[in-house]
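Below you'll find the structure, written out as structure tokens, and then a few comments.
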Amino acid sequence: MKYTLNVNGASHVVDVAPDTPILWVLRDHLDLVGTKFGCGVGQCGACTIHLNGVPSRSCMTPVSTVGRMRITTIEGLAADAEKLHPVQQAWCELDVAQCGYCQAGQIMTAAALLKDNPRPNDEDIDGAMAGNLCRCATYMRIRSGIKRAAELAGGAKEATQ
Amino acid sequence: MNASTLSGPVNRRDFLKLTGLAGGGFALAFYIRSGPAAAAADGATGSFEPNAFIRISPTGAVTIVSKQPEMGQGVKTSLPMIIAEQLEVPWKEIKIEQGDFDQKYGGQSAGGSNSTPSNYDHFHLLGATARTMLVTAAAQTWGVSPSECRAENAAVHHTSGKTLKYGQLVAKASALPVPAKEQVTLKDPKDFKLLGQRISQVDSRTIATGGPLFGIDMKLPGMVYAVYEKCPAFGGKVVSANLDHIKRLPGVKDAFIIEGRGGVKELVPGVAIIADSTWAAFSARRQLKVTWDEGKVAEESWDTFVAQARADAGKAGATQLRKDGDPDASLKSATTTIEAEYLYPFISHANLEPQNTTAHWRDGVMELWTPAQIPARAAEIVTRLLGVPAEKIIMHLTRAGGGFGRRISADYLVETAAIAQKVNAPVKLTWSREDDLKHDHYRPGGLHFLKGGVDAQGKPVAWKNHFFTFGEGGSPGSGGSLHRDELPARCIPNFQSEQTMISTGWPMGPWRAPGSCVFGWVFNSFVDEMAHAAGRDPYQFHLEMLGNEKMLPAEGRGGREYNLERLRNVMKFTAEKAGLGKKKFAKGQGAGIGYYFSHRGYFAQVAEVTVSKDGMLKVDRVVCGCDIGAQVVNLSGAENQVEGSVIDGLGTLMTQELNIERGRVVQSNFHDYPLIRITDAPTKIETHFLKTNYPTTGLGEPALPPVAGAVCNAIFAATGKRVRQMPLSRVDLSWT
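As given, the protein sequences belong to chains A and B, one line each in that order. Residues in the first sequence are numbered consecutively from 1, following our numbering. Residues in the second sequence are numbered consecutively from 1001, following our numbering.
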């Protein structure tokens, strides 16, 4: 079946089986490999993308259910290639990753959290991030990274005011 | 080809041809050229390449090769930092390249927290050698003595104020002989500018923006996608499969049976499905029907083994590891005696990146892209089982989405290579999460039957341990051997340890801090039990037990030399940082200490916990004292390793457990094999490095072993409940 997908603001036509999860469409057909396969059953969060801005598990989202929804992946999170999203900036600055495999999913979930809640406390952070596993257990830095991203985002807002 | 070719451009295959390498029999330790350095590594560019790791172009671009596999332990950043420090080039100006598997780099094994200690001195020398040559080149240009010149900021400066940038010195430096070690001066550590700083990983930006890095991200033109189904019961073989049906499914290009070869952890028999996408392969696999010959291992279950161990606990152990004094008489005469069983299950590595490799077999050459931890071992297996000569194997090292010891095994790699030999295209094998959990090489479980005695003065006088472990072919699985030196041996006068191995066909492999990851918990916990039984302050009891001697020499094969002074010092340092004994806790809250020596590092941790009345554990604070010698290389990476190890150790304590029934793993994915999540991470982890005048050592593992003991000792202080079984999800911690 042919599907026209809106990925990171661009239109893509793919010819795949209707039950193909968006994860594999991104990875195998569109060469967007930042979205990761970890479990295939929505337990680890490594495959987190945004569908119309809402964090979603791409490993359990068949391509046939997406329609014209806006798909945002880690590759398209930053508005322009030069300037990273505040969460990505914070992740680099605080050296959050160890192996890094889960971090695209962590960043996508964190970005969605900050959109809803620009100043999350530890409890908010733990609640929002509980669905994302990090096998290297960089959880302390994920907490600090989100707080730093909140500062950076606040700073950016002030600067444009 | 003549010898001078070696100092010119040499690609891997030529190099192998030249030196006749086969199977790694020839280890070229550090490939510092003894003749004139290469003037032209890639023809026209004319770079300065004093060794295999450093390249400076005439434009001044500096590249450092990272030879070690990177799996999250941070070596792709930290090891090049050592070279950069000595080379006097600002970190931001350096490009880091991942090296392929190549004999010219010397050993490329990532494991055992060895990358730092086994490369530290050499890497200082590599950087300092290059700097010395650049200084000599500048001094010759100016006709001055090198002693009037100094290197800084990628340039050589003369006392007169003259300066030449490294790029300007490339041609001259390339013509110089590589100086001997004795002619090279290393920087004084007090002058270090980079080492000890917090440096974000070189791949931080690629990770944060989702660029391709990992083995699973590989894509080659014309590549096909493979899955590989193995018998759910360990050691089972394929009898038949519905291959004709599978081959007709959408997207499927081929399906075939592969016979097993080698050991149980090498090429396991199975059925390969080749398709035009990962999903097509996964989908076809759901329709695969295989008839298996399950074999004898399918008769073995964990519960049966545990029952067998309990029944035999009172008998003499199969092997007596150690007997000092008269433990039985001492137990009889002791004022206080206690007895306990400690139990921990088999667990999985659960790397978040499922096992994978990409292979291309053409013209008798096997080219591989793989997240292997020990590429040389992987290559040896490909040679031995698939008949590909060593010089016909090209291996590119990708970033690994977690190692933890799992990718020391190369089963997934040899599966891919075997599949590639039957496929006329590049092929990527991707394991499912279920494959990963059901076909891991597990950390062995174990049972310790312990007896302890304390005398009237409150001193520990007797210790007996009958340890039950698991293994195959007469030797325990990795981390399943209790050494005769294992503490508290030699700290308690009447001491006996015995080991009985239960034979099984379950595959076992090294899991982060093999052995230590559980022995630390057992030893720290049971000594704590003895302290409480004697009515003593546990911290004082632990410390006093370690005596006053400085060194305990290594005994027997695989023995470890313990520096008890370092262990005591790091305990005191940590207790001080944590304010241990100074805080008053309400019921349900408490603190405990854990401490351990492994992987050349001395570590202590104080945990503070809160246990709710209904038994919910929250770790409020873990204070870590770390003695890894004289120098922290990358403070950011070092702290990250310690925090990660603490939470990893806590995760294995809290939730991780595999049940093996009838020779197969019951669990299948993260819903029934839960890993620790952010909600269970401690509220606070504080990491303190205790600088000592010992060689710098590694951090991938040694921060893990003390945490379970520290937390369980804190739980006892909080609730009066002693945890003697992992995971905690099986233990009732409620209190009234």
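All C-beta atoms in this analysis are idealised placements derived from N, C-alpha and C, irrespective of residue type, glycine included.
Where does residue 13/A land, buried or exposed, given buried means 16+ other C-beta within 10 angstroms?
Exposed, because fewer than 16 other Cβ atoms sit within 10 Å of the Cβ of residue 13/A.
Pick out whichever of 1107/B, 1120/B and 1066/B has its Cα sitting closest to the Cα of residue 1094/B.
When only C-alpha atoms are compared, the closest one is 1066/B.
Straight-line gap, residue 1079/B to residue 1119/B (C-alpha atoms, nearest Å):
Between residue 1079/B and residue 1119/B, the alpha-carbon positions lie close to 8 Å from each other.
Could you list the residues in the stretch 1554–1587 of chain B with a C-beta less than 9 Å from some C-beta on chain A, going in chain order?
Listed in chain order, the positions of the stretch 1554–1587 of chain B with a beta carbon within less than 9 Å of a beta carbon of chain A would be empty, since no residue qualifies.
Return yes when the Cβ of residue 1702/B is within less than 8 Å of the Cβ of residue 1601/B, no when it is not.
For the pair residue 1601/B and residue 1702/B, the CB atoms are nearer than the 8 Å cut-off.
In terms of residues, what are the limits of the alpha helix (DSSP H) holding residue 1386/B?
Where residue 1386/B is concerned, the enclosing alpha helix (DSSP H) stretches over 1375–1386.
Short of 7 Å Cβ to Cβ, which residues in the stretch 39–58 of chain A face chain B?
Listed in sequence order: 39, 40, 41, 43, 44 and 46.
For a cutoff of 8 Å on Cβ pairs, would you count residue 1352/B as touching chain A?
Yes, residue 1352/B lies at the interface with chain A (some Cβ there is under 8 Å from its Cβ).
Between residue 1064/B and the rest of its own chain, which residues show a CB-CB distance below 7 Å, the 5 nearest in sequence each way excluded?
Cβ neighbours of residue 1064/B within its own chain (closer than 7 Å, five residues either side excluded): 1053, 1054, 1080, 1083, 1084, 1094 and 1096.
Quick one: what's residue 1252/B bridged to in DSSP?
The partner list for residue 1252/B (beta bridge, DSSP) reads 1275/B.
First through last residue of the alpha helix (DSSP H) which encompasses residue 1392/B:
It is not in any alpha helix (DSSP H) - residue 1392/B carries neither H nor E in the DSSP assignment.
With distances taken Cα to Cα, identify the nearest neighbour of residue 1167/B among 1322/B, 1062/B, 1652/B and 1486/B.
Measuring from the Cα of residue 1167/B, the nearest candidate turns out to be 1062/B.
Quick one: what's got a C-beta closer than 6 Å to residue 15/A's C-beta in the same chain, skipping five residues either side?
If we look at residue 15/A and ignore the five residues flanking it on each side, its Cβ neighbours are 2.
Quick one: which unbroken beta strand (DSSP E) runs of 3-plus residues sit fully inside the stretch 1646–1711 of chain B? Chain order, please.
If we require 3 residues or more, the beta strand (DSSP E) runs fully inside the stretch 1646–1711 of chain B come out as 1684–1689.
Please check if any C-beta of chain B sits within less than 8 Å of the C-beta of residue 151/A.
No - not a single Cβ of chain B is within 8 Å of the one on residue 151/A.
I believe residue 162/A touches residue 1681/B by the beta-carbon criterion, under 8 Å. Please report the beta-carbon distance rounded to the nearest angstrom.
One cannot answer for residue 162/A here, as it falls past the ends of chain A, which runs 1 to 161.
Name, please, each residue of chain C whose Cβ falls closer than 9 Å to the Cβ of residue 100/A.
Note that chain C does not occur in the displayed structure, where the protein chains are A and B.
Please classify residue 139/A: does DSSP put it in a helix, a strand, or coil?
Reduced to three states, the DSSP call for residue 139/A is helix.
Going by DSSP, name the residue or residues bridged to residue 1465/B.
Looking at the DSSP output, residue 1465/B bridges to 1450/B and 1497/B.
Between residue 1574/B and residue 1646/B, is the Cβ-Cβ spacing less than 8 Å?
It is not a contact, given that the beta carbons lie outside the stated cut-off.
Touching or not, the stretch 1575–1595 of chain B and the stretch 1709–1723 of chain B, by the rule of three or more beta carbon pairs under 8 Å?
Flag = yes, the stretch 1575–1595 of chain B and the stretch 1709–1723 of chain B touch.
Let me know if residue 1286/B comes out buried or exposed under the rule of 16 or more other beta-carbons within 10 Å of its beta-carbon.
Exposed is the call here.
Measuring only between beta-carbons, confirm whether residue 141/A sits less than 8 Å from chain B.
For residue 141/A, the answer is yes, since a Cβ of chain B falls inside 8 Å of its Cβ.
According to the Cβ coordinates, are residue 1729/B and residue 1654/B closer than 8 Å?
The answer is yes: Cβ separation under 8 Å.
Comparing C-alpha positions only, which one of 128/A, 41/A and 80/A sits nearest to residue 1434/B?
Among 128/A, 41/A and 80/A, the Cα nearest to that of residue 1434/B is on 41/A.
Can you look up residue 1576/B in the DSSP assignment and give me helix, strand or coil?
In this structure, residue 1576/B counts as helix in the three-state DSSP scheme.
Compare the C-beta of residue 31/A with all C-beta atoms of chain B and state if any pair is closer than 8 Å.
At least one chain B Cβ lies under 8 Å of residue 31/A.
With a CB to CB cut of under 8 Å and the five nearest residues on each side skipped, what residues in its chain are close to residue 1417/B?
So the list reads 1357, 1359, 1361, 1366, 1368, 1382, 1386 and 1388, once near-sequence residues are dropped.
Mind checking if residue 1670/B is an interface residue toward chain A, Cβ cutoff 8 Å exclusive?
Closer than 8 Å: yes.
Under 9 Å by beta carbon: chain A residues contacting residue 1747/B
Residue 1747/B lies beyond the stretch modelled for chain B, which goes from 1001 to 1736, so this question has no answer here.
Whose C-beta lies closer than 7 Å to the C-beta of residue 1676/B among residues of the same chain, with five residues either side of it excluded?
Annotation for residue 1676/B: 1647, 1650, 1651, 1654 and 1655 place their beta carbon closer than 7 Å to its own, counting only its chain and skipping 5 residues before and after.
Checking the sheet assignment: what are the DSSP bridge partners for residue 1399/B?
For residue 1399/B, which the question treats as bridged, DSSP gives the partners 1214/B.
Out of curiosity, what's the CA-to-CA distance linking residue 1031/B and residue 1127/B?
Note that residue 1031/B scores a pLDDT of 38, beneath 50, so its modelled location is shaky; the value from the coordinates is reported in the next line. One C-alpha to the other measures close to 13 Å.
With distances taken between CB atoms, is the gap from residue 1531/B to residue 1331/B smaller than 8 Å?
No, Cβ-Cβ distance for residue 1531/B and residue 1331/B is not below 8 Å.
Report yes if the CB atom of residue 1514/B is closer than 8 Å to the CB atom of residue 1405/B, and no otherwise.
Yes. Within cutoff.
Length of the line joining the Cα atoms of residue 1309/B and residue 1092/B
One C-alpha to the other measures close to 57 Å.
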